[in-house]
Structure formats: structure tokens, C-alpha cells
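Here the working numbering = 1-based position in the sequence shown + 5.
Even glycine gets a Cβ: it sits at the ideal position worked out from N, Cα and C.
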Amino acid sequence: MLVICLSLCSGCISTTVGNTWYENQSVRTTISHAGEPADLTVQVTVFKIGHIDQHIYTVLSTPVSLSRGDTLVTIPVDLPPGSYKLYVYVLGDNDRKTAVIRDITV
């Protein structure tokens, strides 16, 4: 039974989020894709981290066409200096393909 489950899920995670950073007034992230070409959406929810709290600063999204390999995604946004938590989602076909949480300092 375990072999059947592993066989069915062997290609389930074909899209992953790599490094994510802030540069030139943009959030940048690398998306690695091992599946067939796909038109997806990258969404980034930006939380501003305070001394004792965090709050949503903004929600960003952009369409992206992925083929096999790595794709650099750039989403323009002006972030003032500070600490942020980024929730990065790759969405498509009414489904979340993958998601990660990244901490950055601007």
C-alpha cells in the first residue's frame, strides 16, 4: 500500500519557491518548475513586523508563465526600511501549488 501511495505522489510537487529577497523597489523570488509549461499566479502577502506585533502591509500578485527550470519573478513594491514576513504562494487551477514563508529586512 505504501508503494502505491509513493508512486501516486512521486510527481506531486513539481513547483517550488527558492530564494526571495527585496531589491530595486521590488520583491524578487525564484520559482523552480519541473512539470509541463503552466500559466500560474505568484501571490505575495507582505506582513510588516513591529516590536510586539505584525500586520498586513500589502498583498501583491502577478501572472507568470513557467516552463521547466528556474524563473525569476519580480513584483514592484515600495517597502520602507524594516522587517517583513513574506507569504509566497504559487496558485493555479483554483489550487495552491506551493507556498513558503520568508523573512526579509529592508
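* To do: Specify, as a first and last residue, the run of the beta strand (DSSP E) that residue 109 falls within.
  => 100 to 110
* Ends of the beta strand (DSSP E) at residue 48? -> 43 to 54
* Measure how close the beta-carbons of residue 79 and residue 33 come, nearest whole angstrom, since I'm counting them as under 8 Å. => 5 Å
* Please classify residue 46: is it buried, with 16 or more other beta-carbons within 10 angstroms of its beta-carbon, or exposed? => exposed
* For residue 85, the three-state DSSP class (helix, strand or coil) -> coil
* Under three-state DSSP, which class holds residue 29? -> coil
* To do: Might you give, ordered along the chain, the residues of its own chain that have their beta carbon closer than 6 Å to the beta carbon of residue 40, omitting 5 neighbours on each side?
  => 19
* **Own chain, CB closer than 7 Å to residue 52, minus 5 neighbours either side, in chain order** => 59, 60, 61, 62, 89 and 90
* Please classify residue 56: is it buried, with 16 or more other beta-carbons within 10 angstroms of its beta-carbon, or exposed? => exposed
* Just the Cα atoms here: how many angstroms apart are residue 44 and residue 85? -> 31 Å
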